[in-house]
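Peer 1: To start, I am sharing the structure in question, which I have written as C-alpha coordinates.
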Amino acid sequence: MQGLFSLGGSLAPVIGSLSSTALFQATGFRYVMVYQAGILVIGAVLVLVFYKRLVPLKLKSIKKT
(Lines of atoms letter the chains of each structure in order from A and count residues from 1; the text may use other names and numbers.)
(Lines give C-alpha, C1' and ligand atoms only; values in the text may rest on other atoms or scores of the structure.)
Protein backbone atom coordinates (compact mmCIF):
# COMPACT_ATOMS: atom_id res chain seq x y z
CA MET A 1 0.00 0.00 0.00
CA GLN A 2 2.82 2.40 0.77
CA GLY A 3 4.04 2.09 -2.79
CA LEU A 4 0.62 3.06 -4.15
CA PHE A 5 0.46 6.09 -1.87
CA SER A 6 3.94 7.09 -2.99
CA LEU A 7 2.95 6.65 -6.63
CA GLY A 8 -0.10 8.87 -6.14
CA GLY A 9 1.98 11.53 -4.43
CA SER A 10 4.48 11.46 -7.29
CA LEU A 11 1.95 11.51 -10.12
CA ALA A 12 -0.29 14.24 -8.71
CA PRO A 13 2.10 17.16 -9.43
CA VAL A 14 2.76 15.85 -12.94
CA ILE A 15 -0.92 15.45 -13.79
CA GLY A 16 -1.81 18.78 -12.16
CA SER A 17 0.90 20.66 -14.03
CA LEU A 18 0.06 19.15 -17.40
CA SER A 19 -3.69 19.67 -17.03
CA SER A 20 -3.27 23.25 -15.79
CA THR A 21 -0.92 24.09 -18.67
CA ALA A 22 -3.26 22.58 -21.27
CA LEU A 23 -6.23 24.40 -19.75
CA PHE A 24 -4.30 27.69 -19.67
CA GLN A 25 -3.25 27.39 -23.30
CA ALA A 26 -6.79 26.54 -24.40
CA THR A 27 -8.82 29.05 -22.37
CA GLY A 28 -6.59 31.53 -20.55
CA PHE A 29 -5.95 32.06 -16.87
CA ARG A 30 -9.58 32.35 -15.68
CA TYR A 31 -10.44 28.66 -15.87
CA VAL A 32 -7.10 27.67 -14.35
CA MET A 33 -7.98 29.82 -11.34
CA VAL A 34 -11.46 28.25 -11.16
CA TYR A 35 -9.87 24.79 -11.37
CA GLN A 36 -7.43 25.57 -8.55
CA ALA A 37 -10.18 27.13 -6.42
CA GLY A 38 -12.29 24.01 -6.95
CA ILE A 39 -9.46 21.78 -5.73
CA LEU A 40 -9.01 24.06 -2.70
CA VAL A 41 -12.73 23.88 -1.89
CA ILE A 42 -12.72 20.08 -2.18
CA GLY A 43 -9.78 19.91 0.23
CA ALA A 44 -11.46 22.26 2.71
CA VAL A 45 -14.71 20.27 2.57
CA LEU A 46 -12.81 17.04 3.21
CA VAL A 47 -11.10 18.59 6.24
CA LEU A 48 -14.47 19.74 7.60
CA VAL A 49 -16.13 16.38 6.98
CA PHE A 50 -13.33 14.38 8.63
CA TYR A 51 -12.35 16.96 11.27
CA LYS A 52 -13.26 14.73 14.24
CA ARG A 53 -11.13 11.92 12.83
CA LEU A 54 -7.98 14.04 12.59
CA VAL A 55 -5.28 13.02 15.05
CA PRO A 56 -3.26 15.81 16.66
CA LEU A 57 0.50 15.67 16.30
CA LYS A 58 2.29 14.67 19.50
CA LEU A 59 6.03 15.16 19.60
CA LYS A 60 8.26 13.45 22.10
CA SER A 61 10.50 15.86 23.92
CA ILE A 62 14.18 14.99 23.99
CA LYS A 63 15.78 15.56 27.38
CA LYS A 64 19.35 16.80 27.28
CA THR A 65 21.58 15.44 30.03
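Numbered according to the numbering used here, the sequence shown terminates at residue 92, and the numbering increases by one at each position without gaps.
From the three backbone atoms N, C-alpha and C, an ideal C-beta is built for every residue, glycine too.
Under 8 Å, do L45 and Y58 count as touching if we go by C-beta distance?
Peer 2: In the sequence shown, the residue the question calls residue 45 occupies position 18. In the sequence shown, the residue the question calls residue 58 occupies position 31. For L45 and Y58, no; Cβs fall outside 8 Å.
Peer 1: What span of residues does the alpha helix (DSSP H) with G4 cover, start to end?
Peer 2: Only positions 28 to 92 of the chain appear in this structure, which leaves residue 4 out of reach.
Peer 1: Tell me whether K79 sits in a helix, a strand or coil according to DSSP, three-state version.
Peer 2: To locate residue 79, count along the sequence shown from 1; it is residue 52. In this structure, K79 counts as helix in the three-state DSSP scheme.
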